[in-house]
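Let me begin by presenting the structure, written as structure tokens, before commenting on it.
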Amino acid sequence: MNTWIAGVINRARNLLLAANMLRLRLWFRMLGMNIQGDLRIYGHVIIKGVPSNIRIGKGCTLNVGVVLGGRDKLTIGDNARISSYVRIQTASLIKDQSPRTHLAKPVRIGDNVWLASGSMVCPGVTIGDNCVVAAHSVVIEDLEAGFVYAGSPARKIGEVQLPAAQDDSRTDG
Numbered sequence: 025m026n027t028w029i030a031g032v033i034n035r036a037r038n039l040l041l042a043a044n045m046l047r048l049r050l051w052f053r054m055l056g057m058n059i060q061g062d063l064r065i066y067g068h069v070i071i072k073g074v075p076s077n078i079r080i081g082k083g084c085t086l087n088v089g090v091v092l093g094g095r096d097k098l099t100i101g102d103n104a105r106i107s108s109y110v111r112i113q114t115a116s117l118i119k120d121q122s123p124r125t126h127l128a129k130p131v132r133i134g135d136n137v138w139l140a141s142g143s144m145v146c147p148g149v150t151i152g153d154n155c156v157v158a159a160h161s162v163v164i165e166d167l168e169a170g171f172v173y174a175g176s177p178a179r180k181i182g183e184v185q186l187p188a189a190q191d192d193s194r195t196d197g
């Protein structure tokens, strides 16, 4: 009997999650965001700036507490995983100015990128395909495709080892 009840509760929870994801995807599209395909959203996501500046590729995941800056163009590639409490900023203050004013720069996140929990991406950054950014890292400059980065500021610490079938950059011969 307990197994049956647990199964019913699990199915109900899955239906509620699916309904919430659908509602959020529709809301994002109504705001003008460019969503290319299936977007999975787990929890609240904060959109700052102009939602129509944000493009999210196919098969992406946004987790609870993610902040997406839309003061300039923000492009997230296909199959990106954005973990809990990640901040992606497209604007910051000019440090050598008084009074300080905002400066906006575009951000591009490549395909199959994983931004781990609590990491931050600063304005003007491009993250190459197949990158992993470790938890609580701060990305202040462009990241080369296919590597693992960690720290504040984020530095290359390893290489992503993808199966040959998924790595399009390899050539025979």
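So the sequence shown is numbered by the working numbering: it starts at 25 and just counts up by one. Heads up, the beta-carbon is just placed ideally off N, CA and C, and yes, glycines get one too.
One or two residues paired with L127 in a DSSP bridge: Position 103 of the sequence shown, counted from the first residue, corresponds to residue 127. Partner(s): S116.
Assuming I133 and A159 form a contact by the criterion Cβ under 8 Å, report the distance between their Cβ atoms to the nearest whole angstrom. Translated into positions along the sequence shown, residue 133 becomes position 109. Translated into positions along the sequence shown, residue 159 becomes position 135. Actually they do not touch by this definition, with Cβ atoms about 16 Å apart.
Whether I71 touches I78 by CB criterion (9 Å): Translated into positions along the sequence shown, residue 71 becomes position 47. Translated into positions along the sequence shown, residue 78 becomes position 54. Cβ distance < 9 Å, so I71 and I78 count as in contact.
Assuming E183 is part of the beta strand (DSSP E), what are its boundary residues? In the sequence shown, counting from the first residue as 1, residue 183 sits at position 159. That run of the beta strand (DSSP E) goes 179–183.
One or two residues paired with F171 in a DSSP bridge: Mapped onto the sequence shown, residue 171 falls at position 147. Answer is E183, bridged to F171.
When DSSP labels each residue in this structure, what does M144 get in the three-state scheme? Along the sequence shown, one-based indexing puts residue 144 at 120. Strand.
Straight-line Cα distance separating C155 from E168: By 1-based counting over the sequence shown, the position of residue 168 is 144. By 1-based counting over the sequence shown, the position of residue 155 is 131. About 8 Å.
Can you tell me whether L88 is buried or exposed, with buried defined as 16 or more other CB within 10 angstroms of its CB? What you label residue 88 is simply residue 64 of the sequence shown in a count that begins at 1. Leu is not the amino acid found at residue 88; the sequence shown has Val there. When all chains shown are included, V88 counts as exposed.
Between the CA atoms of Y173 and E165 - distance to the nearest angstrom: Counted from its first residue, the sequence shown places residue 165 at position 141. Counted from its first residue, the sequence shown places residue 173 at position 149. Roughly 11 Å separates the two Cα atoms.
Who are I100's beta bridge partners in DSSP? Stepping through the sequence shown from its first residue, residue 100 is reached at position 76. According to DSSP, I100 bridges with I80, I133.
Using the three-state DSSP reduction, which class does N58 fall into: helix, strand or coil? Here residue 58 refers to the residue found at position 34 when the sequence shown is read from its first residue. Correct three-state label for N58: strand.
Whole-angstrom distance between I118 and H126, CA atom to CA atom: Residue numbering aside, residue 126 sits at position 102 when the sequence shown is read from its first letter. Residue numbering aside, residue 118 sits at position 94 when the sequence shown is read from its first letter. Near 6 Å, if we compare the C-alpha coordinates of I118 and H126.
One question on the structure: do V131 and S143 come within less than 9 Å of each other, judged by their Cβ atoms? In the sequence shown, counting from the first residue as 1, residue 131 sits at position 107. In the sequence shown, counting from the first residue as 1, residue 143 sits at position 119. Not closer than 9 Å, so no.
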